[in-house]
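Here is the structure we will look at.
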DNA sequence: CGGGTCGGAATGAACATTCATTCCGAAAAC
DNA sequence: GTTTTCGGAATGAATGTTCATTCCGACCCG
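Residue numbers (the numbering used here), protein chains in the order written: chain A, 30 to 221; chain B, 30 to 221.
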């Protein structure tokens, strides 16, 4: 699944698709343009991916894989607040440093693609399991507010998503200090 | 600008466009379908709106007008916390009760339409002026954290936007109690 | 050579937009 | 009061464009 195991061509198609879709959205990313950017013929693209949908889902899978391996780690010997701050800071930084991964995901989850995906995947969404478990634990210890985990997640991820968008559009700039202040504010929102 | 001043036909086109775009997105809302839903001929639509873009901008203007008149009011004799909670609760409730307005706005601001719009409109975006001013005042009084207003806004509106999406997709349910808890958590995030 | 891989022209479906025509109500003519 | 005329409003079939997908000849490696 990772690029190591993949054909060069396949990888470059995935990358081109991600970048084009991140910048222009699904509608403004014609197959011909993706192929061109990837440096392959249109027909070739269809040798590697059954159709455009399959390609889109594959891009998504790749990004989730990277997120999972680079962001979602936890060390449960630390205090909860510390664990929270580390994970969210890492997530925030990853997305800032990989804007096209973020932009793609944003498009994906706000399109029929992502909605379908989320409906199919049972609640125990592996990727967010870690975050959910941390919330459940912290609630049981009375460290954070007694609110449904999904809502807690929204309280924390909502601002990240929103602010990232404006940052990437150049409406303002997120530096290291702002990131720390923001993540701490997120903690203040959920802590008891 | 309000529907009173408008032609019945124009209003029904705007409404049809909003609903279709809210549900299916811009790309999956062909002119023919909008016209059909509005109960007019396609050609008629083009009598009222120069092209699809103009129609989209007009829908946006209508929604902003409603938001402005029904949500963005303030009473500066109240304590800041109260003012904050009231405005955000009203905003949250309005969007829950007018899901298609919300869904349209979401699509709009995450598309080239909205990005263009925001770039053109100078910072003093009239609609959010009220919120921005409240933040500036509260900061000057040391009531809330000393963070740039745009970031404060993201901290507060991010969760609303995120949670609303999941609520409307039926992933969970936002009742009056959750709304109150959420808005209070938003306050905790920004208060000193 | 022959099996597999490429590329990009060709195809057909879906779409936004246009425009020649129809429709309708109100005014003019009688 | 009735018929005729008229002009703007409404219509949807026709047009041109853009796309996803297919197809087939060329190419490469064994």
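All C-beta atoms, glycine included, are put in the ideal place defined by N, C-alpha and C. As the structure is a prediction and not an experimental result, all values here were calculated from the model.
Just checking: is the beta-carbon of residue i within a distance shorter than 8 Å of some beta-carbon in chain B?
i	result
residue 78 (chain A)	no
residue 46 (chain A)	no
residue 130 (chain A)	no
residue 125 (chain A)	no
residue 207 (chain A)	yes
residue 188 (chain A)	yes
residue 139 (chain A)	yes
residue 51 (chain A)	no
residue 215 (chain A)	yes
residue 219 (chain A)	yes
residue 158 (chain A)	no
residue 191 (chain A)	yes
residue 120 (chain A)	no
residue 68 (chain A)	no
residue 107 (chain A)	no
Who are the near neighbours of residue i in its chain, counting only those whose CB is closer than 8 Å to its CB and skipping five residues on each side?
i	result
residue 201 (chain A)	195
residue 71 (chain A)	60, 61 and 64
residue 173 (chain B)	109, 164, 167, 181, 219, 220 and 221
residue 299 (chain B)	Since the first residue shown for chain B is 30 and the last is 221, residue 299 (chain B) is missing from the structure and cannot be characterised.
residue 30 (chain A)	In this prediction, residue 30 (chain A) has a pLDDT of 44, which is less than 50 and means its spatial position is unreliable; what the coordinates show is noted afterwards. Answer for residue 30 (chain A): 90, 91 and 94, listed in chain order.
residue 76 (chain B)	none
By Cβ distance below 7 Å, which residues in the same chain neighbour residue i in space, the five residues on each side in sequence not counted?
i	result
residue 43 (chain B)	87, 88 and 91
residue 133 (chain A)	47, 50, 51, 88 and 92
residue 62 (chain B)	49
residue 45 (chain A)	63, 66 and 67
residue 171 (chain B)	221
residue 140 (chain A)	55
residue 81 (chain A)	60
residue 203 (chain A)	125, 192 and 196
Using a Cβ-Cβ cut-off of 8 Å, state whether residue i counts as contacting chain A.
i	result
residue 210 (chain B)	yes
residue 28 (chain B)	Residue 28 (chain B) falls outside the range modelled here, since chain B spans only 30 to 221, and no answer is possible.
residue 168 (chain B)	no
residue 200 (chain B)	yes
residue 174 (chain B)	yes
residue 177 (chain B)	yes
residue 164 (chain B)	no
residue 82 (chain B)	no
residue 89 (chain B)	no
residue 195 (chain B)	yes
residue 134 (chain B)	no
residue 183 (chain B)	yes
residue 116 (chain B)	no
Can the beta-carbon of residue i be found less than 8 Å from the beta-carbon of residue j?
i	j	result
residue 215 (chain A)	residue 123 (chain A)	no
residue 74 (chain A)	residue 83 (chain A)	no
residue 187 (chain A)	residue 191 (chain B)	yes
residue 69 (chain B)	residue 38 (chain B)	yes
residue 121 (chain B)	residue 157 (chain B)	no
residue 114 (chain A)	residue 212 (chain A)	yes
residue 138 (chain B)	residue 193 (chain B)	no
residue 112 (chain A)	residue 103 (chain A)	yes
residue 217 (chain B)	residue 217 (chain A)	yes
residue 56 (chain B)	residue 177 (chain A)	no
Could you pull the DSSP bridge partners for residue i from this structure?
i	result
residue 220 (chain B)	B:173
Give me the residue from the options with the minimum Cα distance to residue i.
i	options	result
residue 220 (chain A)	A:108, A:68, A:72 and A:48	A:108
residue 78 (chain B)	B:66, B:60, B:95 and B:94	B:60
residue 98 (chain A)	A:141, A:206, A:159 and A:129	A:159
residue 136 (chain A)	A:174, A:85 and A:180	A:85
residue 205 (chain A)	A:126, A:217 and A:178	A:126
residue 175 (chain B)	A:41, A:210 and A:81	A:210
residue 148 (chain A)	B:208, B:198 and B:58	B:198
residue 162 (chain B)	B:105, B:184, B:189 and B:208	B:105
residue 208 (chain A)	B:184, B:169, B:150 and B:203	B:184
So, for residue i: in the same chain, excluding its five sequence neighbours on each side, which residues have a beta-carbon less than 6 Å away from its beta-carbon?
i	result
residue 119 (chain B)	100
residue 58 (chain A)	49 and 50
residue 189 (chain A)	121
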